[in-house]
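The working numbering puts the first residue of the sequence shown at 1, with every later residue one more than the last. Virtual Cβ for every residue (Gly too), placed ideally from N, Cα, C.
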Amino acid sequence: MSKEKFKEYYQEDNVTGTYDAQRLGTEYRRKKRGIELNLFLELIDKHPEDKVLEIGCSSGFLTEQLGVVTAVDTSKEMLKIAKKKNPSAIVLEADMFKLPFDDNSFDKIITMRVWTHLNEDDLRLALKESKRVLKSGGILVFDAEEKNWLRRFIHFFYKKIFRITGYKIYPYSIKRMKEILNEEGFGWEICKFINHRIGRQIILRVTSI
Ligand SMILES: C[S@@+](CC[C@H](N)C(=O)[O-])C[C@H]1O[C@@H](n2cnc3c(N)ncnc32)[C@H](O)[C@@H]1O
Numbered sequence: 001m002s003k004e005k006f007k008e009y010y011q012e013d014n015v016t017g018t019y020d021a022q023r024l025g026t027e028y029r030r031k032k033r034g035i036e037l038n039l040f041l042e043l044i045d046k047h048p049e050d051k052v053l054e055i056g057c058s059s060g061f062l063t064e065q066l067g068v069v070t071a072v073d074t075s076k077e078m079l080k081i082a083k084k085k086n087p088s089a090i091v092l093e094a095d096m097f098k099l100p101f102d103d104n105s106f107d108k109i110i111t112m113r114v115w116t117h118l119n120e121d122d123l124r125l126a127l128k129e130s131k132r133v134l135k136s137g138g139i140l141v142f143d144a145e146e147k148n149w150l151r152r153f154i155h156f157f158y159k160k161i162f163r164i165t166g167y168k169i170y171p172y173s174i175k176r177m178k179e180i181l182n183e184e185g186f187g188w189e190i191c192k193f194i195n196h197r198i199g200r201q202i203i204l205r206v207t208s209i
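1) If you drop the 5 nearest sequence neighbours on each side, which residues of the same chain put their C-beta closer than 6 Å to that of residue 97?
2) Nearest by alpha-carbon distance to residue 42: which of 191, 208, 196 and 197 is it?
3) What do you reckon, is the C-beta of residue 106 under 7 Å from a heavy atom of ligand 1?
4) For residue 66, which option in 88, 72, 81 and 176 has the closest C-alpha, if you only look at C-alpha atoms?
5) Would residue 149 be called buried (16 or more neighbouring beta carbons within 10 Å of its own) or exposed?
6) From residue 186 to residue 22, what distance separates their C-alpha atoms?
7) Kindly indicate which three-state DSSP category residue 130 falls into: helix, strand or coil?
8) Which residue wins for smallest C-alpha separation from residue 146, given the options 121, 132, 131 and 178?
9) Taking the C-alpha atoms as reference points, what is the distance between residue 143 and residue 117?
10) Does any heavy atom of ligand 1 sit closer than 7 Å to the C-beta of residue 170?
11) Per DSSP, residue 67 forms a beta bridge with which residues?
12) Thinking residue 140 and residue 109 are a contact (beta carbons under 8 Å), I'd like their distance in whole angstroms, please.
13) Would you decide whether residue 171 is buried or exposed? Buried here means 16 or more other CB atoms lie within 10 Å of its CB.
14) Is the beta carbon of residue 26 within less than 7 Å of some heavy atom of ligand 1?
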């Protein structure tokens, strides 16, 4: 149910129409987005021969930088914006839990600020489906929010003060994330952190084994 609500939230007109303005609306957010973008691009390390899939491309903030790429999302309106930003991308309306691709289709998968909205059951489903379409030894880059007590305590007020919108975030401890990835058949490779006002965003590069 949670994954359905997540999908529906990003199909609402007021969310689609204001997404870029929200995410890049202040100097702090622009700076953080820039740092995040550079880390994602560094970890995906895209070569011209790589077949890359982006999951949950939304309005194309990352898609724009990826050159030739297959980008999926469940929001038609977001996909239109992404295609305008990167005309060489193949953009498709598709569900990350049921991807319309054969097994072993991609060398690399990248997904930014998407799985951070998944509870553990849904995260495991997304990992399984990505593993299916990823070649053995393929690379997966994604982010998560680190669990910490301060975050849990002040998150409610923080959202109100800084007028943060967006769907609920599910934080994970590093230990738990390692266990989940291990159980779902991924090897831990690189982990980078971005400090923000109430915690840390974790950017992970893992390998399908
Ligand atoms: C927070 S936005 C993130 C976007 C983008 N990657 C970025 O960093 O700006 C989450 C995106 O995930 C998409 N989404 C939600 N459920 C999905 C699903 N089941 N399959 C594919 N995309 C989905 C939403 O439509 C939305 O565009």
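The relevant details are as follows:
1) 125 and 129
2) 191
3) No, the beta carbon of residue 106 sits no closer than 7 Å to any heavy atom of ligand 1.
4) 88
5) Exposed is the call here.
6) 33 Å
7) If DSSP states are grouped into helix, strand and coil, residue 130 belongs with the helices.
8) 178
9) Those two C-alpha atoms are separated by around 10 Å.
10) No heavy atom of ligand 1 is found nearer than 7 Å to the CB of residue 170.
11) According to DSSP, which records beta bridges pairwise, residue 67 is partnered with nothing at all.
12) 5 Å
13) Under this definition residue 171 is a buried residue.
14) For ligand 1, not one heavy atom lies less than 7 Å from the Cβ of residue 26.
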